[in-house]
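**Q** The opening position of the sequence shown corresponds to residue 319 in the working numbering, with each subsequent residue numbered one higher. Here a beta-carbon is modelled for each residue, glycine too, at the ideal position from N, C-alpha and C. As the structure is a prediction and not an experimental result, all values here were calculated from the model.
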Amino acid sequence: MNYHQIAREAPRTFRRNLLRLVVQNDPQHLIDLVDSCSPQSRFLRFHTGMAALRPSMAEQLAATPSLGLRNWRGRLVADARYTRTHDDEAELAVLISDKYQGRGLGLALLAVLFERAHDEGVRVLNAEVLNSNDAMVRLLEKLAPVETVGFEDGARRLRIPLEPVALAV
């Protein structure tokens with residue numbers, strides 16, 4: 319199964335978890351999402367022991383729309399984004415509130431993001447993942463081939479090529 323197939327199943331996963339997919343660009347919702355996460359989840363996402371997302375950083379992140387998941391109360395519970403670094407490459411980042419981890423949401427959300435990135439001309443996603451975050455590497459490997467291209471400051475530098483969907487004739 320590739321990310322295109324998983325992306326087609328994603329709406330069912332979101333509905334089953336009473337979540338809706340949104341384009342996210344609200345700084346306060348990002349601050350609230352980070353506040354809802356454990357120190358460990360914040361460390362895995364930001365690679366630092368920050369206690370909260372500063373408003374200036376939230377504004378900077380919100381300048382690039384991302385895909386988010388909101389619960390039935392309208393609270394942001396997940397955020398996945400990519401930021402272009404070159405014409406056909408982008409940097410990937412994802413954060414899921416601890417309460418919503420382990421439900422298949424990360425896989426579904428990233429599959430939708432991968433498909434969107436591919437449709438917008440991104441051919442390679444890059445990511446920095448802490449060496450201790452094997453769960454994220456395994457998640458990414460379910461979607462596409464993942465190549466480790468280096469190690470720096472306790473993090474793996476990953477390269478994830480986005481393949482075109484093979485259409486049945």
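DSSP has Thr382 in a bridge; who is on the other side?
**A** BP columns for Thr382 are empty, so no partner.
**Q** Start and end of the alpha helix (DSSP H) containing Thr366?
**A** Segment: none, Thr366 is in no alpha helix (DSSP H) and carries neither H nor E.
**Q** Does Leu463 come out as helix, strand or coil in the three-state DSSP assignment?
**A** Correcting the residue identity first, residue 463 is Pro in this sequence and not Leu. Of the three classes helix, strand and coil, the one that applies to Pro463 here is coil, per DSSP.
**Q** I'd like the list of long-range same chain contacts for Val341, defined as Cβ closer than 7 Å, with 5 residues on each side in sequence excluded.
**A** Closer than 7 Å at Cβ, skipping near neighbours: Pro383, Leu385.
**Q** In angstroms with no decimal places, state the Cα-to-Cα distance between Leu443 and Val412.
**A** Rounded to whole angstroms, Leu443 to Val412 spans 12 Å at the Cα level.
**Q** For the beta strand (DSSP E) that contains Tyr400, what are its first and last residues?
**A** Segment 394 to 404, the beta strand (DSSP E) holding Tyr400.
**Q** Pull up the distance between the alpha-carbon of Asp344 and that of Asp353, whole angstroms please.
**A** Going by the C-alpha atoms only, they are around 15 Å apart.
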